[in-house]
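Participant:
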Amino acid sequence: MAVEQSTAAAFIPPGAGLDELREAAAGCTACDLHLLGTQTVFGQGARESRVLMVGEQPGDQEDREGQPFVGPAGKLLDRALVEAGIDRTKVYVTNAVKHFKWTGKGQRRIHATPNAREIRACRPWLDNEIEVVKPEVLVALGATAAKTLLGADFRVTLHRGELLDSPLAPYTMATVHPSSILRARSEDEREQQMERFVADLSRVAEVSEQVGR
Ligand code: URA
Numbered sequence: 002m003a004v005e006q007s008t009a010a011a012f013i014p015p016g017a018g019l020d021e022l023r024e025a026a027a028g029c030t031a032c033d034l035h036l037l038g039t040q041t042v043f044g045q046g047a048r049e050s051r052v053l054m055v056g057e058q059p060g061d062q063e064d065r066e067g068q069p070f071v072g073p074a075g076k077l078l079d080r081a082l083v084e085a086g087i088d089r090t091k092v093y094v095t096n097a098v099k100h101f102k103w104t105g106k107g108q109r110r111i112h113a114t115p116n117a118r119e120i121r122a123c124r125p126w127l128d129n130e131i132e133v134v135k136p137e138v139l140v141a142l143g144a145t146a147a148k149t150l151l152g153a154d155f156r157v158t159l160h161r162g163e164l165l166d167s168p169l170a171p172y173t174m175a176t177v178h179p180s181s182i183l184r185a186r187s188e189d190e191r192e193q194q195m196e197r198f199v200a201d202l203s204r205v206a207e208v209s210e211q212v213g214r
């Protein structure tokens, strides 16, 4: 007998706005990650945001605080946004997967990459966030978000920083995940990677200002 794959679709109240979505997502059990994470980490930002950024999944600190991008990768993202001239309060930030997936190493909780089934189960939350916010520019941060939004064959290494056509928003761009910059092997490398990241985000700033709301 075929096993029906559950997704978050059944948890989504019809006609929900961001507050209702966030409230409903708190009780989501569409995949087993709710057993692992402390809480659902839903997206954050104003409904009027012109830019919507999608990461992979909450990290250790996000899981504890219940907010996306508040840990080390989030702090780097904040710095890059400032350098690119983007007001963080005008950006909606969220993740492809809303629970923290981790494996234990001693006392530490180490990030584990969500699998295709977990990403698929969580997808209705992301689709609804995009539908409510209607961003001018949708930005995928890293490979997981890029594949989620642009298809499994999409390669950030080949197409980073390009403004792409997608049915999801007037402009869609994929760039690196800020945590990849934190992992740079030297200070020089980190600086170079940060420069390229800021250049990508500056392009986002430009096009989001071009499109009137
Ligand atoms: N990495 C992500 O992809 N998302 C977060 O919210 C934090 C770290």
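In our numbering, the protein residues as written are 2 to 214. Virtual Cβ for every residue (Gly too), placed ideally from N, Cα, C.
Going by CA-CA distance only, name the one from 81, 98, 72 and 31 that's closest to residue 43.
Facilitator: Numbered from 1 along the sequence shown, position 42 holds the residue referred to as residue 43. Of the listed residues, the one whose Cα sits closest to residue 43 is 98.
Participant: Tell me whether the stretch 133-150 and the stretch 96-116 touch, counting them as touching only if at least three CB pairs, one residue from each stretch, are closer than 8 Å.
Facilitator: They touch, by the three-pair rule.
Participant: Where residue 181 and residue 82 are concerned, what is the direct C-alpha to C-alpha distance, given to the nearest angstrom?
Facilitator: The sequence position of residue 181 within the sequence shown is 180, counting from 1. The sequence position of residue 82 within the sequence shown is 81, counting from 1. So the alpha carbons of these two residues sit roughly 16 Å apart.
Participant: Could you tell me whether any non-hydrogen atom of ligand 1 is closer than 8 Å to the CB of residue 58?
Facilitator: Looking up residue 58 in the sequence shown gives position 57. Yes.
Participant: Am I right that residue 123 and residue 17 are in contact with their C-beta atoms under 8 Å? What's the rounded C-beta distance?
Facilitator: In the sequence shown, residue 123 corresponds to position 122, counting from 1. In the sequence shown, residue 17 corresponds to position 16, counting from 1. Rounded, the Cβ-Cβ distance is 16 Å, inconsistent with contact.
Participant: I'd like to check one pair, residue 198 with residue 179: are the Cβ atoms closer than 9 Å?
Facilitator: As a position in the sequence shown, residue 179 is number 178, starting the count at 1. As a position in the sequence shown, residue 198 is number 197, starting the count at 1. Yes, the Cβ-Cβ distance between residue 179 and residue 198 is below 9 Å.
Participant: Taking DSSP as the reference, what is the three-state secondary structure of residue 193?
Facilitator: Locating residue 193 in the sequence shown gives position 192, counting from the first residue. In this structure, residue 193 counts as helix in the three-state DSSP scheme.
Participant: Taking 8 Å as the line, does the beta carbon of residue 46 fall inside it for any heavy atom of ligand 1?
Facilitator: Sequence index remark: in the sequence shown, residue 46 carries index 45 (1-based). Answer for residue 46: no, Cβ out of range of ligand 1.
Participant: Can you list, in chain order, the residues of its chain whose CB lies under 7 Å from that of residue 185, leaving out five sequence neighbours each side?
Facilitator: Position 184 of the sequence shown holds residue 185. Hits under 7 Å: 191 and 194.
Participant: Just reading off the alpha helix (DSSP H) that residue 180 is part of, what are its end residues?
Facilitator: To locate residue 180, count along the sequence shown from 1; it is residue 179. It spans 179-183 - the alpha helix (DSSP H) in which residue 180 sits, taken as one unbroken run.
Participant: Can you grab the Cα-Cα spacing for the pair residue 39 / residue 131, in whole Å?
Facilitator: As a first step, residue 39 is located in the sequence shown; it is residue number 38 there, counting from the start. As a first step, residue 131 is located in the sequence shown; it is residue number 130 there, counting from the start. Approximately 25 Å, taken between the alpha carbons.
Participant: Within 8 Å: the Cβ of residue 116 and any heavy atom of ligand 1?
Facilitator: Residue 116 sits at position 115 when you count from the first residue of the sequence shown. Flag unset: Cβ of residue 116 not near ligand 1.
Participant: What is the DSSP secondary structure of residue 198, reduced to helix, strand or coil?
Facilitator: Indexing the sequence shown from 1 puts residue 198 at position 197. Helix.
Participant: Would you list, in sequence order, the uninterrupted alpha helix (DSSP H) runs of no fewer than 4 residues that lie entirely inside the stretch 50-80?
Facilitator: Within the stretch 50-80, the complete alpha helix (DSSP H) runs of at least 4 residues are 61-66.
Participant: Kindly indicate which residue of 162, 21 and 210 has the alpha-carbon position closest to the one of residue 202.
Facilitator: The residue labelled residue 202 in the question sits at position 201 within the sequence shown. Of the candidates 162, 21 and 210, the one whose C-alpha sits nearest the C-alpha of residue 202 is 162.
Participant: Answer with buried or exposed for residue 1, where buried requires no fewer than 16 other C-beta atoms within 10 angstroms of its C-beta.
Facilitator: In the structure as shown, the chain begins at 2 and stops at 214. Residue 1 is therefore absent and cannot be evaluated.
Participant: Does ligand 1 have a heavy atom nearer than 8 Å to the CB of residue 100?
Facilitator: Numbered from 1 along the sequence shown, position 99 holds the residue referred to as residue 100. False, no ligand heavy atom lies under 8 Å from that Cβ.
Participant: Just the C-alpha distance for residue 176 and residue 166, rounded to the nearest angstrom, thanks.
Facilitator: Taking the sequence shown and counting its residues from 1, one reaches residue 176 at position 175. Taking the sequence shown and counting its residues from 1, one reaches residue 166 at position 165. One C-alpha to the other measures close to 15 Å.
Participant: Applying the criterion that 16 or more other CB atoms from any shown protein chain within 10 Å of the CB defines a buried residue, is residue 108 buried or exposed?
Facilitator: Translated into the one-based positions of the sequence shown, residue 108 becomes position 107. That one is exposed.
Participant: What is the DSSP secondary structure of residue 135, reduced to helix, strand or coil?
Facilitator: To locate residue 135, count along the sequence shown from 1; it is residue 134. It is coil, neither helix nor strand.
Participant: Measure the CB-CB distance between residue 212 and residue 119 and report whether it falls below 9 Å.
Facilitator: Numbered from 1 along the sequence shown, position 211 holds the residue referred to as residue 212. Numbered from 1 along the sequence shown, position 118 holds the residue referred to as residue 119. Contact flag unset, no.
Participant: Excluding five sequence neighbours on each side, which residues of the same chain lie with their C-beta closer than 6 Å to the C-beta of residue 14?
Facilitator: Indexing the sequence shown from 1 puts residue 14 at position 13. 21 and 25, listed in sequence order.
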